[in-house]
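Just below is one structure, and these are the notes that go with it.
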Amino acid sequence: MEAARGILQQMGGNGRLITIFGSAGKRDPAKRRMMAEISSQLADRTILTAEDPRTESLDDILAAMAQGCVAQGGVDQQTFWRIPDRGKAIYFALTLAKPEDFVLVLGKGHEQSMCFNTTEYPWDDIHATETALDSFLANKPMPNLGLPTFLIDDF
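Going by the UniProt record's numbering, 3 is the number at position 3 of the sequence shown; the sequence numbering is gapless.
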């Protein structure tokens, strides 16, 4: 995030940094708030989403992260959003973005699945981002990419 912020500053325009990320379940819960605090400090907009919640409640994970955003002055639905479905979160970021903005999809990288409960669902952030961009440019809604969170009414 710091590198992206630095590039935006060097460009000298009005570009914003929009981040999309989550926090894995059954991992260090203290990092959730901290990661959201850092994003709220460095990014102009933060979108909190799923990232392998495993057997933990995704709502609880997102709530803990939201506390970190609020602690840094974030305002729910204005500077940060909780969108459980990762594909919809990426799509939503594109709807927020303007031509000079950077949209960073963080956390999953090269991973090829996402775990909900004990089930691994096929997932690829690159494919999801390409699909979101294609849908956005065609003025179509984000299609279901197979995660159990898709039917949640997020935004």
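Heads up, the beta-carbon is just placed ideally off N, CA and C, and yes, glycines get one too. Fair warning: this is a prediction, and the values are worked out from it, not measured in the lab.
Outcome for K108 when other beta-carbon atoms lying within 10 angstroms are tallied against a minimum of 16 | As a working note, residue 108 is residue 108 in the sequence shown. By the 10 Å Cβ count, K108 comes out buried.
Can you tell me whether I126 is buried or exposed? The criterion is at least 16 other CB atoms within 10 Å of its CB, across all chains shown.
For the purposes of this step, residue 126 is taken as residue 126 along the sequence shown, with counting starting at 1. Counting Cβ neighbours within 10 Å, I126 comes out exposed, since fewer than 16 surround it.
Check: Among F80, M65, T118, which has the Cα closest to the Cα of P29?
Finding: Against the sequence shown, residue 29 aligns to sequence position 29. Residue M65 holds the alpha-carbon nearest to the alpha-carbon of P29 among F80, M65, T118.
Self-check item: Cβ shell of L133 (< 7 Å), same chain only, five flanking positions each side left out
Solution: Translated into the one-based positions of the sequence shown, residue 133 becomes position 133. Answer for L133: L94, listed in chain order.
Where D59 falls, given that 16 or more other Cβ within 10 Å makes a residue buried:
To locate residue 59, count along the sequence shown from 1; it is residue 59. Residue environment for D59: exposed (fewer than 16 other C-beta atoms within 10 angstroms of its C-beta).
| G87: buried (16+ other C-beta within 10 angstroms of its C-beta) or exposed? | One-based indexing of the sequence shown puts residue 87 at position 87. With 16 or more Cβ atoms within 10 Å of its Cβ, G87 is classed as buried.
> Whose C-beta lies closer than 6 Å to the C-beta of L62 among residues of the same chain, with five residues either side of it excluded?
Replying inline: Numbered from 1 along the sequence shown, position 62 holds the residue referred to as residue 62. So the list reads L48, R82, once near-sequence residues are dropped.
- prompt: With distances taken from CA atoms, which of D85, S39, Y91, F102 is nearest F116?
  reply: Working through the sequence shown from its first residue, we reach residue 116 at position 116. Residue D85 is the option with its Cα nearest to F116.
Open item on the list: With H, G and I counted as helix, E and B as strand and the rest as coil, what does DSSP make of residue 181?
Closed with: Because the chain is modelled from 1 through 155, residue 181 falls outside the range shown and cannot be assessed.
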